[in-house]
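Peer 1: Supplied in structure tokens, the structure appears directly below.
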Amino acid sequence: MTDIGIDPLDVLKCAHLPSDLFARNDYTLSAPDYFSLWRGLEIAGKNKQVPLLLAEHMSAEAFDPPIFASLCSPNFLVAMQRLSTYKPLIGPMRLDVQTLPEHLLLTVECYGNTEPLPNMLSLCEAIFFVRLAQIGTREAITPSHVILPELPKDITPYRAFFQCDITQGAQMSIQFNLTDALRPFLTSSGAMWDFFEDKLNRKLNELSATASTYQRVRAVLLETLPSGESHIEAIAKQLAMSKRTLQRKLANEQRSFQDVLLSVRTELAKHYLAKSQISLAEISFLLGFKESSSFNRAFHEWCGLTPGQFRQSHTSLATL
Numbered sequence: 001m002t003d004i005g006i007d008p009l010d011v012l013k014c015a016h017l018p019s020d021l022f023a024r025n026d027y028t029l030s031a032p033d034y035f036s037l038w039r040g041l042e043i044a045g046k047n048k049q050v051p052l053l054l055a056e057h058m059s060a061e062a063f064d065p066p067i068f069a070s071l072c073s074p075n076f077l078v079a080m081q082r083l084s085t086y087k088p089l090i091g092p093m094r095l096d097v098q099t100l101p102e103h104l105l106l107t108v109e110c111y112g113n114t115e116p117l118p119n120m121l122s123l124c125e126a127i128f129f130v131r132l133a134q135i136g137t138r139e140a141i142t143p144s145h146v147i148l149p150e151l152p153k154d155i156t157p158y159r160a161f162f163q164c165d166i167t168q169g170a171q172m173s174i175q176f177n178l179t180d181a182l183r184p185f186l187t188s189s190g191a192m193w194d195f196f197e198d199k200l201n202r203k204l205n206e207l208s209a210t211a212s213t214y215q216r217v218r219a220v221l222l223e224t225l226p227s228g229e230s231h232i233e234a235i236a237k238q239l240a241m242s243k244r245t246l247q248r249k250l251a252n253e254q255r256s257f258q259d260v261l262l263s264v265r266t267e268l269a270k271h272y273l274a275k276s277q278i279s280l281a282e283i284s285f286l287l288g289f290k291e292s293s294s295f296n297r298a299f300h301e302w303c304g305l306t307p308g309q310f311r312q313s314h315t316s317l318a319t320l
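Reminder that position 291 of the sequence shown reads as 291 in UniProt numbering, one-by-one numbering, no gaps.
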């Protein structure tokens with residue numbers, strides 16, 4: 001997003017999603033949240049031709065494993081057949097691949113959500129398929145027809161990109177000449193596909209796995225402690241849930257908010273004292289304490305030493 005001049009935090013704010021979302025590892029969005037994210041991107045980038053900007057910055061190096069693996073295919077047809085299997089790893093969508101006498105027809109539909117695909121997502125999907133074919137073959141392949149649930153207000157630059165008719169229909173679909181779909185991929189690699197296939201299959205099996213609430217709270221605290229926002233109401237708001245919901249989720253993991261806060265503060269305090277020359281007053285501020293005396297008392301309760309004693313002991317060890 002930053003490559004096309006859009007602040008990811010603005011997107012999350014417009015989408016009403018947690019501000020730590022992009023910092024999470026292996027987090028899976030629900031279908032409604034996934035589509036909210038795309039609507040947030042549409043709102044945040046309302047003055048930009050975001051799909052076309054994404055096309056300019058699209059490269060093999062930027063692809064996720066399912067997409068990169070599809071580039072290892074012998075041609076675009078096989079790439080799409082493989083991608084249809086792993087599409088759920090990218091988002092709550094299905095990719096239908098139809099081989100017609102003279103054409104390859106790709107249709108994208110969502111699941112877990114009754115609304116149609118967001119307009120920007122439909123455009124980005126169509127543009128992605130074109131760019132994947134072009135990157136794989138190193139040729140200027142274009143589709144023969146594009147159907148979108150909603151046409152863009154300014155359709156001219158998209159007609160110039162696709163170089164074909166764009167019409168409105170119930171589902172997003174894109175059609176390619178079969179001869180183009182069978183052109184050899186210069187990126188083809190059977191060995192690379194063998195490497196990716198097992199990993200992708202495992203990912204499909206692990207799709208339901210999500211980060212724990214403890215991990216999410218910890219990530220937000222690491223970012224917000226220096227601003228003094230360490231109370232549970234502020235953290236719950238950042239995670240887009242109520243205080244009561246956050247408490248319940250932590251309780252389900254046999255933890256409390258104070259446990260997480262204490263753990264993060266203790267870990268950071270020890271790091272600052274042992275690994276830096278930051279003053280005690282500044283460390284107090286970074287940990288969300290209003291006064292140094294409060295930090296001194298708290299640290300003594302945590303570790304049985306004053307901050308000064310802890311720092312001195314680690315300084316002495318370092319000089320041995």
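Note that the Cβ used here is the ideal one computed from N, Cα and C, for glycine as well.
Near valine 260, what residues of its chain come up, given a Cβ to Cβ distance below 8 Å and the 5 sequence neighbours on each side ignored?
Peer 2: The answer, listed in chain order, is Tyr214, Val217, Arg218, Leu221 and Leu250.
Peer 1: Please classify isoleucine 155 as buried or exposed, where buried requires at least 16 neighbouring CB atoms within 10 angstroms.
Peer 2: So isoleucine 155 ends up on the exposed side.
Peer 1: Which parts of the region 29-98 are runs of the beta strand (DSSP E), unbroken and 3 residues or longer, counting only runs that do not cross its ends?
Peer 2: Listed in chain order, nothing qualifies, since the region 29-98 has no complete beta strand (DSSP E) run of 3 or more residues.
Peer 1: Evaluate the contact criterion for the region 34-42 versus the region 115-130: three or more CB pairs, one atom per stretch, below 8 Å.
Peer 2: Yes, they touch.
Peer 1: Once DSSP output is grouped into helix, strand and coil, what is the label at leucine 286?
Peer 2: Of the three classes helix, strand and coil, the one that applies to leucine 286 here is helix, per DSSP.
Peer 1: Please confirm whether glycine 136 and phenylalanine 185 have their CB atoms less than 9 Å apart.
Peer 2: Contact: yes.
Peer 1: Under 6 Å Cβ to Cβ from alanine 79, same chain only, skipping five residues before and after it: list those, please.
Peer 2: If we look at alanine 79 and ignore the five residues flanking it on each side, its Cβ neighbours are Ser70 and Ser73.
Peer 1: Assuming contact is defined by CB atoms lying nearer than 9 Å, are isoleucine 12 and phenylalanine 22 in contact in what I supplied?
Peer 2: One detail in the question is off: residue 12 reads as leucine in this sequence, not isoleucine. Cβ atoms of leucine 12 and phenylalanine 22: closer than 9 Å.
Peer 1: Measure the C-alpha to C-alpha separation of leucine 200 and threonine 85 and round it to an integer number of angstroms.
Peer 2: Distance between the alpha carbons of leucine 200 and threonine 85 is about 10 Å.
Peer 1: Quick one: grab the DSSP three-state call for threonine 266.
Peer 2: Three-state result, threonine 266: helix.
Peer 1: Where glutamate 291 and isoleucine 235 are concerned, what is the direct C-alpha to C-alpha distance, given to the nearest angstrom?
Peer 2: Between glutamate 291 and isoleucine 235, the C-alpha separation is close to 21 Å.
Peer 1: Take every Cβ of the region 100-110, pair it with every Cβ of the region 171-187, and state whether three or more of those distances are shorter than 8 Å.
Peer 2: Because the criterion of three Cβ pairs below 8 Å is met, the region 100-110 and the region 171-187 touch.
Peer 1: Under a Cβ-count criterion, where at least 16 other Cβ atoms within 10 Å of its own Cβ denotes burial, should leucine 95 be classed as buried or exposed?
Peer 2: With 16 or more Cβ atoms within 10 Å of its Cβ, leucine 95 is classed as buried.
Peer 1: Is proline 184 helix, strand or coil when you go by DSSP?
Peer 2: Strand at proline 184.
Peer 1: So what does histidine 103 bridge to, in DSSP terms?
Peer 2: BP columns for histidine 103 point to Asn177.
Peer 1: Alpha helix (DSSP H) containing histidine 300: first to last residue?
Peer 2: Looking at the DSSP string, the run of the alpha helix (DSSP H) that includes histidine 300 is 292-303.
Peer 1: Note down the Cα distance separating glutamine 81 from valine 130, rounded to an integer number of angstroms.
Peer 2: Glutamine 81 and valine 130: Cα-Cα distance of roughly 15 Å.
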